[in-house]
Amino acid sequence: AALVQPATDLAGTTVLITAGPTTSPIDAVRYITNHSTGRMGAAMAEEALRRGASVRYVLGMDKGVVRPVPPRDSASRFTLVEVQTAEEMAQAALGFLPQVNGVIATAAVLDYRVATPSTNKLKRASEAVALDMVPSVDVLGALKDAATSQWFLGFAAETDNVEANGRKKLEGKKLDFLFANPVARSGETSATGFSVPTNGGTLFRAGGEALALPVMNKTELAKRLWDLIA
Ligand code: CTP
Ligand code: CA
């Protein structure tokens, strides 16, 4: 039987991918996180490996988060580091930056962290409590500041004004590409965004036309995105 030739158009390219949620501890037993499952990052990594690229993968770990499964014969080109906080993610990602040609930021990084997590378990009380939070590190921003010649693809999940927010984020963050997708409002469901196997949205390109990509499997979307950025 004829063998299907693997596409190797990304051979010689090394890409850094951030994925999954980050977490911020509240006390010894509690933490803050979000609904990210890491599926979009895993799909981007698996497609890159299939096409011959090397992948440096920084994954925010939480319950239910998925790791990429390197396709046949690609495991030696795949490096995975698991982190929890945004600060750990930034440190690991910055360490990989000099080795890579491009960065794909799929991670859903917490914008705030608990200022001083308690080392013991906080006790229940009857009065209201307030949690002191401070901005967490901007992982993508730190990578951009340290970049030499790398290209950048960011992701944005928006409940409102997806198109306007997407274009604004591409320009504000000075990215080469930004993929923006709608995400369900609380209490609603959506075929795009967190916790679903499908996604669809708009790819914005610096100095170029926006391109609408319909809802499809995240694996299929990863192929389309790589075709467009390759
Ligand atoms: N990002 C990051 N570190 C952060 C926040 C965001 O690396 N602390 C990255 C994400 O991985 C994504 C891109 O920046 O690729 C856009 O994230 P998003 O949360 O949409 O952007 P924000 O500027 O945080 O805007 P918002 O107020 O909508 O959350
Ligand atoms: Ca954010």
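When the sequence shown is numbered by the UniProt record's numbering, its final residue is 403 and no position is left out of the sequence of numbers. Ideal Cβ placement from N, Cα and C applies to all residues, glycine included.
**Asked** Is there contact here, the region 286-302 with the region 249-257, by at least three beta-carbon pairs under 8 Å?
**Response** Result no; under three Cβ-Cβ pairs closer than 8 Å.
**Prompt:** Which first and last residues belong to the alpha helix (DSSP H) in which Arg212 is found?
**Reply:** Going by DSSP, Arg212 is part of the alpha helix (DSSP H) stretching over 212-223.
**Message:** Given the structure, does Ser363 come close to ligand 1, in the sense that its CB is under 7 Å from one of the ligand's heavy atoms?
**Reply:** The beta carbon of Ser363 sits no closer than 7 Å to any heavy atom of ligand 1.
**Asked** Out of Ala353, Ser363, Ala357, which has the shortest C-alpha to C-alpha gap to Arg378?
**Response** With respect to the C-alpha of Arg378, the residue from Ala353, Ser363, Ala357 having the closest C-alpha is Ala353.
**Message:** Could you give the first and the last residue of the continuous alpha helix (DSSP H) run that contains Leu295?
**Reply:** Neither: Leu295 is in no alpha helix (DSSP H) and is coded neither H nor E.
**Prompt:** Three or more beta-carbon pairs under 8 Å between the region 186-194 and the region 220-231, yes or no?
**Reply:** Verdict: yes, contact present.
**Prompt:** alpha helix (DSSP H) containing Ile402: first to last residue?
**Reply:** Membership of Ile402 in the alpha helix (DSSP H) is indicated by the continuous run 391-402.
**Reduced DSSP category for Met262 - H, G, I as helix; E, B as strand; rest coil** = Note: Met262 maps to helix in three-state DSSP.
**Request:** Starting from Asn338, follow the alpha helix (DSSP H) in both directions and report where the run begins and ends.
**Result:** Boundaries of the alpha helix (DSSP H) around Asn338: 335-345.
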